[in-house]
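Inspection log for the structure reproduced underneath, given as structure tokens.
There are 2 protein chains.
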Amino acid sequence: MKAKIYVTLKKGVHDPQGEAVLGTLKHLGFKDVKGVRVGKYIELNLDGVPADKARHRIDAMCAKLLANPVIESYSYELD
Amino acid sequence: MKAKIYVTLKKGVHDPQGEAVLGTLKHLGFKDVKGVRVGKYIELNLDGVPADKARHRIDAMCAKLLANPVIESYSYELD
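Protein chains in written order, with this note's numbering: chain A, 1 to 79; chain B, 1 to 79.
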């Protein structure tokens, strides 16, 4: 079972990396870009783990390591 | 139009960040995790740009700034 995990800053949390990307995109001529937010994309394999257990594992991994629950939220897809 | 862009290391490219995450997950007790790969997830808005133009813009942004074409590949979704 393959998991695709998206970790993003919560709404309202300042995103300096996103602002830097936005500034550079505008400088490069992409004038109609707005609201850039940069997060993490994590792929991992949970071989032999059924989907319901995989969801529990991923929630635990995000709580313990992959996301900072104070400022980040996460979502995921299972393949 | 909102774009969700996923930038990942190409297959075969060494991913030290992914290896570090994998090692820590195993150390935390997640023994059945394998093959962690860490990439970037970028959200941006292209207000008032139709879908076909947005695709061109995103390809150009990835080529010029968001992805390193030597070692990274990207994909995206438009909302």
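Glycine included, each C-beta is placed from N, C-alpha and C at the ideal position.
Asked, Found
"Bridge partners - N45/A, DSSP secondary structure assignment", "K2/A, K34/B"
"8 Å contact criterion, which G18/B and V36/B should meet: CB distance rounded", "4 Å"
"Proximity test, Y74/A beta-carbon vs the ligand COA heavy atom, cut-off 6 Å", "Ligands are entirely absent from the displayed structure, and the ligand COA is therefore not among its contents."
"Distance between P50/A and L78/B (C-alpha atoms, nearest Å)", "30 Å"
"Three-state secondary structure (DSSP) of L25/A", "helix"
"Where R57/B meets chain A, residues with beta-carbon distance less than 9 Å", "F30, D32, V33"
"Nonlocal neighbours in the same chain, by C-beta distance under 8 Å from K34/A, ignoring five residues either side", "L22"
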